[in-house]
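Okay, structure first, notes after.
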Amino acid sequence: MKGEYLEGLNMEELEQLEKKLEAGLSLIIKTEEERTLHEIKKLQRKEARWIKKNRQLKQEMKMMILSGGKSMTVNLEGDNKVLDAKGVLLEWLSNVSISGNRVPPVDNNCSHPSS
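Per our numbering, the sequence shown starts with residue 1297, numbered consecutively.
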């Protein structure tokens, strides 16, 4: 729309044009907000998946350390505490199975002096 077109409009027509422009702008803003919120939710779901995967990998590494580096199958569920062979406090998995054998829970009152 060019400015020359606006010169021929009376006050009522200008007000109607202003309302149309405001309505159009509001729709654009609403659409952009919805798109942004959708993208945020999508990224939050992706972040949650990466956090979960990161926790699993950390637990697998801890279990490998506890087993002396031997390869094993680990089923991960829940969080608690356990001491490794060197007395270092590690996160414990309350329901851990290694090659089908259940690992007994450790006394949660144990702690490392550095914690």
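Glycine is no exception: its CB is placed at the ideal position from the N, C-alpha and C atoms. Keep in mind it's a predicted model, so treat the numbers as computed, not measured.
So residue i and residue j are in contact, right, with Cβ under 8 Å, and what is the actual spacing, rounded?
i: Leu1321; j: Leu1313; result: So it is not a contact: roughly 12 Å between Cβ atoms.
By the DSSP assignment, the alpha helix (DSSP H) with residue i in it spans what residues?
i: Gly1299; result: Gly1299 to Glu1303
Helix, strand or coil: how does DSSP classify residue i here?
i: Gly1364; result: coil
i: Asn1350; result: helix
i: Leu1389; result: Because the pLDDT of Leu1389 is 45, which lies under 50, any placement of that residue in the model is unreliable, and the number read from its coordinates should be weighed accordingly. Correct three-state label for Leu1389: coil.
i: Glu1311; result: helix
What residues in its chain sit with their C-beta under 7 Å from that of residue i, if we drop five residues either side in the sequence?
i: Ala1319; result: none
i: Lys1349; result: none
Once the 5 residues before and after residue i are set aside, which same chain residues still bring their CB inside 6 Å of it?
i: Glu1330; result: none
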